[in-house]
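Numbering (the working numbering), first residue to last: 7 to 380. Note that beta-carbon positions come from the ideal geometry of N, C-alpha and C, so glycine has one too. Only one structure is covered here, and it is reproduced in the block below.
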């Protein structure tokens, strides 16, 4: 069982919020002010053509204030309503604003006024740039642990994203629970964050710089899976994983042999009584920028017009999510065994990273160091 209270033995929620606001509102003024690469690490996800174009269009001042770990851009975004947790200067929101189109809508929530000021300053700029008649993005001041209190309606969003932010929260359970509440049935939480190979000790948890650098607030990866399941989400699927080096000697003395990775996960809000039926799924190739194949996670790829065996949870995801019109699903036994009650195994991201590295796969571990967004 996760022992949440031990995470912050001497730091209350309000103190942590104030500390983070000070760090990202005053102490850190640009990406190069960060002491480590955790908040600017790439998750190794290959960007689509349209995502690259949208990213290249974001105003340079917004990019300079960007501190995320990778680019959090899921597939199938046209017309979607999306919430960005800890939207900061608004980079991901403006990219998504372009990708959802004029019929979609993007909301960014952040607690740091200085970051919100930057984001709000460039709403009109991007609205005109994208040739929209009216803005399809807005920014809300609030806490990611209290989304409903911030004025966001329950069961109203198709997708929630977050980019290296949840680790900064003193109450991860509340963040996941609130995200679950505001998602529609079939909605997705798609996010990148930092995870630890073991429990992070209180000495590190209480270190202000390590917390602000997205390190000491990281969840032990097993605790994350337990939390997500307790809240009600489907099994967390790993989309990509990258190493996070902590090379500073003074930080390593505090952290010991704990390792850290940046992982992009996807989780879904499914009906509790969905049918436990496996089968075959055939992708129609109609998701923009994914006409030949749709890589759902690190181990499941759908080739266009090719049948793929799926377990019952994946069946439910494809049936109830925004992907429901992209697949033909055959509810028949697949293979020699009936895996109707099965769901994907929990994957250790550190073991997965070792496997990828040993197989010669290229793993990115830093980005956003230049003048333009990564």
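query: Which residue or residues does DSSP assign as beta-bridge partners of residue 145?; result: 114
query: From residue 107 to residue 84, what distance separates their C-alpha atoms?; result: 6 Å
query: Distance, Cα to Cα, residue 262 vs residue 221?; result: 13 Å
query: Pop quiz: residue 189 and residue 275 are said to be a contact at Cβ under 8 Å. What is the actual Cβ separation, rounded to whole angstroms?; result: 5 Å
query: Can you grab the Cα-Cα spacing for the pair residue 367 / residue 355, in whole Å?; result: 15 Å
query: Grab the span of the alpha helix (DSSP H) containing residue 183 for me, first residue to last.; result: 178-188
query: Curious, which full-length alpha helix (DSSP H) runs of at least 4 residues does the region 189-217 contain?; result: 208-211
query: Helix, strand or coil, according to DSSP, for residue 274 in the structure here?; result: strand
query: What does a CB cutoff of less than 8 Å around residue 286 pick up in its chain, not counting 5 residues either side in sequence?; result: 313, 314, 315, 316, 335, 336, 338, 340
query: Just checking my contact of residue 152 with residue 184 at CB under 8 Å: how many whole Å lie between their CB atoms?; result: 7 Å
query: Could you tell me which residues DSSP pairs with residue 246 in its beta bridges?; result: 270
query: Can you name the residues that DSSP bridges to residue 90?; result: 114, 167
query: For residue 142 and residue 101, which I take to be in contact (beta-carbon distance under 8 Å), what is that distance rounded to the nearest angstrom?; result: That belief does not hold up - the Cβ atoms of residue 142 and residue 101 are roughly 12 Å apart, past 8 Å.
query: Start and end of the beta strand (DSSP E) containing residue 299?; result: 299-301
query: Within the chosen definition, does the region 250-261 reach the region 295-303 through at least 3 CB pairs nearer than 8 Å?; result: no
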